[in-house]
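A.B. asks: Numbering (my numbering), first residue to last: 3 to 97.
For every residue, glycine included, the Cβ atom is placed at its ideal position computed from N, Cα and C.
Dumping the structure here so I can ask a few things about it.
Here's what the structure looks like:
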């Protein structure tokens, strides 16, 4: 087993980009104790979370884009946040 990337605690989730993302991947997780996982479909997420999940997914896609871009990877965290918040603000203005 490889080095842990992130440790989830009760109530946290992983694989959210798979719900709406263009690439279908199989999220992988290893547990150190007995764990219950619940599979959520895009319809289930939409019914329960609606707009907040879109913002979380947009944020993740943008962060990945910032990290993978030769030009945008040099933006500071503050600059990235301003871009993300501006995009979310514009979306909410359009309704």
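1) Output the boundary residues of the alpha helix (DSSP H) element that contains residue 67.
2) Would you check if the stretch 50-65 and the stretch 25-34 touch, i.e. whether three or more CB-CB distances between them fall below 8 Å?
3) Could you give the distance in angstroms between the alpha-carbon of residue 72 and the alpha-carbon of residue 63?
4) Since residue 48 is in the alpha helix (DSSP H), which residue starts that stretch and which ends it?
5) Among 86, 82 and 7, whose alpha-carbon lies nearest the alpha-carbon of residue 56?
C.D. replies: So, to answer that:
1) Position 65 of the chain shown holds residue 67. Run containing residue 67: 53-70, per the alpha helix (DSSP H) assignment.
2) no
3) Sequence index remark: in the chain shown, residue 72 carries index 70 (1-based). Sequence index remark: in the chain shown, residue 63 carries index 61 (1-based). So the two alpha carbons sit approximately 16 Å from each other.
4) Here the question's residue 48 lines up with position 46 in the chain shown. Its alpha helix (DSSP H) spans residues 44-50.
5) By 1-based counting over the chain shown, the position of residue 56 is 54. Nearest C-alpha to residue 56 among 86, 82 and 7: 86.
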